[in-house]
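Protein chains in written order, with full-length UniProt numbering: chain A, 1 to 263; chain B, 1 to 263.
Backbone N, C-alpha and C fix where the C-beta goes; we use that ideal spot for every residue, glycine too.
Protein chains: 2
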Amino acid sequence: MSGTSKGARSREQRQQRIVDHVLNQGSASASELTELVGVSLMTVHRDLDELVRRGLLRKFHGGVSAQPSTVFEGSSEYRMGAQRSQKEAIARTALTLVEPGGSILLDDSTSALAVARLLADIGPLTVATNYLPAIEVLKQLPEVHLICLGGNYSATHDSFLGLPCIEAVGALSVDMAFLSTSAMNATMTYHQEHELVQVKRAMLAAAETNVLLMDSSKMPRKALHRMAPLSDYDRLVIDDGADEELVAAARDVIPTMIAPIES
Amino acid sequence: MSGTSKGARSREQRQQRIVDHVLNQGSASASELTELVGVSLMTVHRDLDELVRRGLLRKFHGGVSAQPSTVFEGSSEYRMGAQRSQKEAIARTALTLVEPGGSILLDDSTSALAVARLLADIGPLTVATNYLPAIEVLKQLPEVHLICLGGNYSATHDSFLGLPCIEAVGALSVDMAFLSTSAMNATMTYHQEHELVQVKRAMLAAAETNVLLMDSSKMPRKALHRMAPLSDYDRLVIDDGADEELVAAARDVIPTMIAPIES
DNA sequence: CTGTATGCTGTTAATTTAACAACAACTTCG
DNA sequence: CGAAGTTGTTGTTAAATTAACAGCATACAG
Numbered sequence: 001m002s003g004t005s006k007g008a009r010s011r012e013q014r015q016q017r018i019v020d021h022v023l024n025q026g027s028a029s030a031s032e033l034t035e036l037v038g039v040s041l042m043t044v045h046r047d048l049d050e051l052v053r054r055g056l057l058r059k060f061h062g063g064v065s066a067q068p069s070t071v072f073e074g075s076s077e078y079r080m081g082a083q084r085s086q087k088e089a090i091a092r093t094a095l096t097l098v099e100p101g102g103s104i105l106l107d108d109s110t111s112a113l114a115v116a117r118l119l120a121d122i123g124p125l126t127v128a129t130n131y132l133p134a135i136e137v138l139k140q141l142p143e144v145h146l147i148c149l150g151g152n153y154s155a156t157h158d159s160f161l162g163l164p165c166i167e168a169v170g171a172l173s174v175d176m177a178f179l180s181t182s183a184m185n186a187t188m189t190y191h192q193e194h195e196l197v198q199v200k201r202a203m204l205a206a207a208e209t210n211v212l213l214m215d216s217s218k219m220p221r222k223a224l225h226r227m228a229p230l231s232d233y234d235r236l237v238i239d240d241g242a243d244e245e246l247v248a249a250a251r252d253v254i255p256t257m258i259a260p261i262e263s
Numbered sequence: 001m002s003g004t005s006k007g008a009r010s011r012e013q014r015q016q017r018i019v020d021h022v023l024n025q026g027s028a029s030a031s032e033l034t035e036l037v038g039v040s041l042m043t044v045h046r047d048l049d050e051l052v053r054r055g056l057l058r059k060f061h062g063g064v065s066a067q068p069s070t071v072f073e074g075s076s077e078y079r080m081g082a083q084r085s086q087k088e089a090i091a092r093t094a095l096t097l098v099e100p101g102g103s104i105l106l107d108d109s110t111s112a113l114a115v116a117r118l119l120a121d122i123g124p125l126t127v128a129t130n131y132l133p134a135i136e137v138l139k140q141l142p143e144v145h146l147i148c149l150g151g152n153y154s155a156t157h158d159s160f161l162g163l164p165c166i167e168a169v170g171a172l173s174v175d176m177a178f179l180s181t182s183a184m185n186a187t188m189t190y191h192q193e194h195e196l197v198q199v200k201r202a203m204l205a206a207a208e209t210n211v212l213l214m215d216s217s218k219m220p221r222k223a224l225h226r227m228a229p230l231s232d233y234d235r236l237v238i239d240d241g242a243d244e245e246l247v248a249a250a251r252d253v254i255p256t257m258i259a260p261i262e263s
């Protein structure tokens, strides 16, 4: 490609040092970081912008902090970033399952959003979702018949949930649902929040074919609520950074597609 | 309370002038606006922040613009335009009917959007709507419990319609609905599109009190579909540019509030 | 009438951003 | 193999934005 081998490496190391320092101190000013890593103020700002974009840090006027300092801003933006290329690869692979003229369901996950972003040139398609960022993307596409699944707005997820949403899903019958969960193992999928579990289960029931989108970072973990057994899904799409053993185990249960991460 | 009578008035006028100028020019720089309104740069920035918060302007580094700088503008935002100050006046008057703790319904009209923009400091409130621009505004307000009425997305209206929406409305029972129609006379309201009529009728049925928002520009006209008799509404809010005769006739049917247009 | 509180405004200093120039690493092509 | 071109990273400079504090006018209570 281009001049990235040495440059990118030192850049990464530098950003890692910044993250470490901020995580230790809780927060730091830009000029403070200038001295720490020995580059210009401008470069520090550029690093910080990227780290914010990746969801690792928070920026406020005067510096950066480790945690969501105030409240604001859906943590959904937050989730993207780090595994962005994985999610994009997964979405590209999952996209091969979509056929023009069909109907699909997208849940409120960044993985599903990545799918939405790739639906431009498929052909006529009906897409239903409760996820506002996905709606913003899909409303631009003239060939997509968009259905919004309404409900109670959740600022933390930037989506619509609750009984109204479940009922709206229940009224549908679609070809395919693309779902993601916060954790899984060889037999079960899990999620942190009960409210989301209810909606996702309704989606599972409403679709002919259920596709589970998983980026490897969340693979060998559990979470509070059991959501659905792996056997409830018809297809697993996962990136190639996943634990071999787990993938092998999952393969015994459902057809599994491995998404290659581009360099 | 405090020093707001004269100060606030000039402040509002100033912001109005800023909005007018930006809408005319398409965009403007902060320093340019400084000369226009004759206050310090800092105050201009404070005004712009507030106008952005109210959803009237977009800010980018170096100035502000009327539309989403990157994309085209939704045709719905556009409709505002000429009758913008009327609609804002109407909304401000209608707002006096809203009580904290209550629940309200907003239809997919720019008049209802104007109401949404003023809901910031009312107190806890439940608001349901099928209108995407209103959702974008309301999702910012921490005190508002927002319910999205889902349905089939209509690009021409930027809202959700059809059977799913009607069913979602039917599941609700709210204190007050704020509606607008494309035409009215002394006994009847009308609308151009049947699909909208159905949704609005459902809203009428779901609310305890129905408030009709009318800017005078559309008063003495008819439109294709009869929507509902004026007697189905409980309150009419109209700006003071309306035809005297018609207002008098309407007064015989329902309580009517006249919204003063500021200079 | 006086004191206090509240909100709006201006000034200053610090921070952040955009825009451009310089440079290194890699690629391509002769 | 080397020259030219491309791409990505960094630094410099100037402009823009923000926070913080101080000053002033108005409203209200006593």
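At a Cβ threshold of 7 Å, is Lys-139 (chain B) touching chain A? yes
Scan the stretch 229 to 250 of chain B for residues whose Cβ lies nearer than 9 Å to a Cβ of chain A and list them as they occur along the chain. Within the stretch 229 to 250 of chain B, not one residue has a Cβ closer than 9 Å to any Cβ of chain A.
Please work out which residues of its chain come closer than 8 Å, Cβ to Cβ, to Leu-51 (chain A), disregarding the five sequence neighbours upstream and downstream, and give them in chain order. So the list reads Gln-15, Ile-18, Val-19, Leu-57, Val-64, once near-sequence residues are dropped.
Looking at the structure shown, is Arg-54 (chain A) part of a helix, part of a strand, or coil, going by DSSP? coil
Can you tell me the Cα-Cα spacing of Met-227 (chain B) and Gly-170 (chain B), whole angstroms? 17 Å
Using DSSP bridges, identify the partner residues of Thr-34 (chain A). Beta-bridge pairing links Thr-34 (chain A) to no other residue.
If you draw a straight line from the alpha carbon of Gly-162 (chain A) to that of Val-199 (chain A), how long is it in whole angstroms? 7 Å
Would you tell me roughly how many angstroms separate the C-alpha atoms of Leu-179 (chain A) and Glu-35 (chain A), rounded to the nearest one? 45 Å
Could you work out which residues of chain A lie near His-45 (chain B), taking near to mean beta carbons separated by less than 7 Å? Correct list: empty, because the minimum Cβ distance to chain A is about 13 Å.
Is Ser-40 (chain A) helix, strand or coil when you go by DSSP? coil
Contact under 7 Å by Cβ, Arg-117 (chain A) with Val-144 (chain A): No, they are not a contact pair.
Chain B contact for Asn-152 (chain A) (CB, 7 Å cutoff): yes
Restricting to Cα atoms, I'd like to know which of B:Arg-11, B:Lys-139, B:Ala-155 is closest to Cys-148 (chain B). B:Lys-139
Span of the beta strand (DSSP E) around Ser-231 (chain A): Careful: Ser-231 (chain A) lies outside any beta strand (DSSP E) and carries neither H nor E.
Could you give the residue range of the beta strand (DSSP E) that holds Glu-244 (chain A)? Where Glu-244 (chain A) is concerned, there is no enclosing beta strand (DSSP E), although the alpha helix (DSSP H) it sits in stretches over 244 to 253.
7 Å is my cut-off, CB to CB: does Phe-160 (chain A) come that close to chain B? yes
Would Leu-212 (chain A) and Leu-236 (chain A) be called neighbours here (beta carbons separated by less than 7 Å)? yes
Quick one: what does DSSP say His-14 (chain A) is sitting in, helix, strand or coil? Checking the sequence shown, residue 14 (chain A) turns out to be Arg, not His. Arg-14 (chain A) carries a helical assignment under DSSP once its states are collapsed to helix, strand and coil.
Is there a Cβ of chain B sitting closer than 7 Å to that of Ala-168 (chain A), yes or no? It does: the Cβ of Ala-168 (chain A) has a partner Cβ on chain B nearer than 7 Å.
Should Leu-196 (chain B) be flagged as near chain A, meaning a C-beta pair shorter than 7 Å? no
Under 9 Å between beta-carbons, which chain B residues line up against Ala-207 (chain A)? List them in chain order, please. In chain order: nothing, as chain B lies at least about 17 Å away.
Measure the alpha-carbon distance for Ala-206 (chain B) versus Asp-243 (chain B) and round it to whole angstroms. 30 Å
For chain B, find out if any of its Cβ atoms is closer than 7 Å to the Cβ of Arg-79 (chain A); answer yes or no. Note that Arg-79 (chain A) scores a pLDDT of 47, beneath 50, so its modelled location is shaky; the value from the coordinates is reported in the next line. Chain B contact via Cβ: absent.
Are the beta-carbon atoms of Leu-132 (chain B) and Asp-107 (chain B) separated by less than 7 Å? No.
Using beta carbons (cut-off 7 Å, strictly below), is Leu-48 (chain B) in contact with chain A? No, because no Cβ of chain A sits closer than 7 Å to the Cβ of Leu-48 (chain B).
Within the present structure, is the beta-carbon of Gly-170 (chain A) separated from the nearest heavy atom of the ligand PLP by less than 6 Å? This structure lacks the ligand PLP, and indeed carries no ligand of any kind.
Contact under 7 Å by Cβ, residue 342 (chain B) with Asn-210 (chain B): There is no way to answer for residue 342 (chain B), as the model of chain B reaches only from 1 to 263.
For a contact defined as C-beta to C-beta under 9 Å, what are the partners of Pro-133 (chain B) on chain A? Going along chain A, no residue has its Cβ under 9 Å from Pro-133 (chain B), so there is no contact; the nearest lies around 11 Å.
Helix, strand or coil at Leu-149 (chain B) [DSSP, three-state]: coil
Short CB-CB distance (under 7 Å) between Ile-258 (chain B) and chain A: Judged by the 7 Å Cβ criterion, Ile-258 (chain B) is not in contact with chain A.
Contacts around Gln-44 (chain A), its chain only, beta-carbon distance under 6 Å, and the 5 residues preceding and following it disregarded: Correcting the residue identity first, residue 44 (chain A) is Val in this sequence and not Gln. If we look at Val-44 (chain A) and ignore the five residues flanking it on each side, its Cβ neighbours are Ala-30, Leu-33, Thr-34.
Excluding the 5 residues preceding and the 5 following Val-71 (chain A) in the sequence, name in chain order all residues of the same chain whose CB lies nearer than 7 Å to its CB. Note that Val-71 (chain A) has pLDDT 33, beneath the 50 cutoff, so the model's placement of it is unreliable and the number below is only indicative. Counting only Cβ-Cβ distances below 7 Å, and skipping sequence neighbours, we find nothing.
Please list the segments of the beta strand (DSSP E) lying wholly inside the stretch 113 to 188 of chain B, counting only runs of 3 or more residues, in order along the chain. 125 to 129, 144 to 148, 151 to 154, 159 to 161, 174 to 180
DSSP-derived helix/strand/coil call for Ser-216 (chain A): helix
Close beta carbons around Asp-234 (chain B), own chain, < 6 Å, minus the five adjacent residues each side: Thr-209, Asn-210
Where the beta strand (DSSP E) through Leu-196 (chain B) begins and ends: Segment 194 to 206 is the alpha helix (DSSP H) holding Leu-196 (chain B); no beta strand (DSSP E) there.
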